[in-house]
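Following my numbering, the numbering of the sequence shown begins with 28 at its first residue and continues without gaps.
Everything on this sheet refers to the single structure shown next.
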Amino acid sequence: GDDSLFMEGVNEVLTLVIDALQVKRSLIEDRLKSDMLLPLLGDEYGGEPYFRLDYSVTMVSLLGLAEAAFFHTGEHTADSSSSLNFALKVVKAIRSFLGEFSLDMRVTVSEISLEQAAPRLARLDSGMGLLPSRLSNYGKDFFYTELQSTPYYRLAPLKRRIEVESAVHNLVQSGAALIVKLPEPPPSINELTSFVNGLRGSGVKSLILLRDLTFCEICRWRSGGLSSKCRSCGHSGSKLIGWSLIHNRFKPSIFWTKDDKLLLLHEAKPSPQEFREVAGSLL
28 GDDSLFMEGV
38 NEVLTLVIDA
48 LQVKRSLIED
58 RLKSDMLLPL
68 LGDEYGGEPY
78 FRLDYSVTMV
88 SLLGLAEAAF
98 FHTGEHTADS
108 SSSLNFALKV
118 VKAIRSFLGE
128 FSLDMRVTVS
138 EISLEQAAPR
148 LARLDSGMGL
158 LPSRLSNYGK
168 DFFYTELQST
178 PYYRLAPLKR
188 RIEVESAVHN
198 LVQSGAALIV
208 KLPEPPPSIN
218 ELTSFVNGLR
228 GSGVKSLILL
238 RDLTFCEICR
248 WRSGGLSSKC
258 RSCGHSGSKL
268 IGWSLIHNRF
278 KPSIFWTKDD
288 KLLLLHEAKP
298 SPQEFREVAG
308 SLL
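So this is what it looks like as structure tokens:
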């Protein structure tokens with residue numbers, strides 16, 4: 028697509044965002060003064076206000092950055108340098124636009140979004156026919172990507188994910204993380220240490236290491252990874268609960284949808300060998 032036309036749309040949305048932030052700030056300020064809705068925040072402790080509105084940080088979220096790049100270029104950020112470069116161009120444009128305003132608030136660009144914003148906005152866009160056909164193929168439970176810049180539904184090598192996230196993190200002022208689900212069996216302490224140490228200086232601002240879990244409600248057995256049968260009592264029915272991070276939220280298997288199960292089947296989880304190789308290459 029046309030980059031300049033896309034950026035015009037981004038600027039229009041940012042103008043609305045700034046107006047909304049100013050209205051929200053004004054409402055919070057009025058509530059603090061009225062001492063009705065937020066009495067505890069307005070109290071003083073040790074002669075100082077518990078909450079200083081002037082010191083608070085307002086975040087503009089990059090929710091759906093990965094989908095925007097895919098919609099515009101036809102390629103995923105993890106698969107294409109041109110798609111990643113476009114995503115970086117969008118982040119730079121957002122920072123530049125916000126920097127032009129003399130705001131009475133501290134505004135930062137972040138990958139953090141409000142809870143449930145990713146599915147809610149995706150459903151709204153889908154219901155209004157605004158979801159591009161390229162993205163509608165990922166199922167009715169499609170979520171916009173949040174807290175990361177590589178789509179959760181797109182299998183990508185761990186090393187490439189690190190490259191993408193570090194590039195975006197260098198431009199994001201706060202609220203950015205590399206999310207890595209650990210393989211089974213889990214890496215050793217030495218391998219984890221090598222991996223974490225290897226990320227120092229890479230540009231990755233935060234690291235979240237996760238592990239799936241299986242819990243048997245009958246015998247209380249638990250183990251890392253997702254199992255179809257309890258290795259203690261042999262139960263394989265509804266009392267064997269799996270837990271996994273799905274769409275950046277921990278979710279038990281009793282609530283997994285068909286699309287959730289498909290996502291877990293194809294998610295970007297490194298194998299033990301891949302994790303060891305990446306940990307070694309980072310040093």
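Where a beta carbon is used, it is the ideal one built from N, C-alpha and C, also for glycine.
Within the same chain, and ignoring the five residues on either side of Trp248 in sequence, the residues whose Cβ sits closer than 6 Å to its Cβ are Cys257, Ser259. Of the candidates Thr177, Ser193, Ser254, Ala96, Ser254 places its Cα closest to the Cα of Glu211.
Rounded to whole angstroms, the separation of the alpha carbons of Tyr77 and Ser53 is 18 Å. Sequence-distant partners of Thr241 (beyond 5 residues in either direction) whose C-beta falls short of 6 Å from its own C-beta, in its chain, are Ser250, Leu253, Ser254, Gly269. A residue is called buried when at least 16 other Cβ atoms come within 10 angstroms of its Cβ; Thr104 meets this threshold and is buried. Cβ neighbours of Leu185 within its own chain (closer than 8 Å, five residues either side excluded): Val207, Ala295, Pro297, Glu301, Phe302, Val305. Sequence-distant Cβ neighbours of Gly91 in its own chain, meaning closer than 6 Å and more than five residues away, are Tyr171.
One Cα belongs to Thr85, the other to Trp283, and the distance between them is close to 33 Å. Cβ neighbours of Glu56 within its own chain (closer than 8 Å, five residues either side excluded): Leu80. Per DSSP, reduced to three states, the secondary structure at Phe113 is helical. Thr135: member of the beta strand (DSSP E) spanning 133-137, first to last residue.
By the criterion of at least three beta-carbon pairs nearer than 8 Å, the segment 212-219 is not in contact with the segment 191-203. Shown here, Val207 sits in a strand according to DSSP, grouped into three states. Three or more beta-carbon pairs drawn from the segment 145-152 and the segment 169-183 are found closer than 8 Å, and the two stretches are therefore classed as touching. For Gly91, the secondary structure class from DSSP, reduced to helix, strand or coil, is coil.
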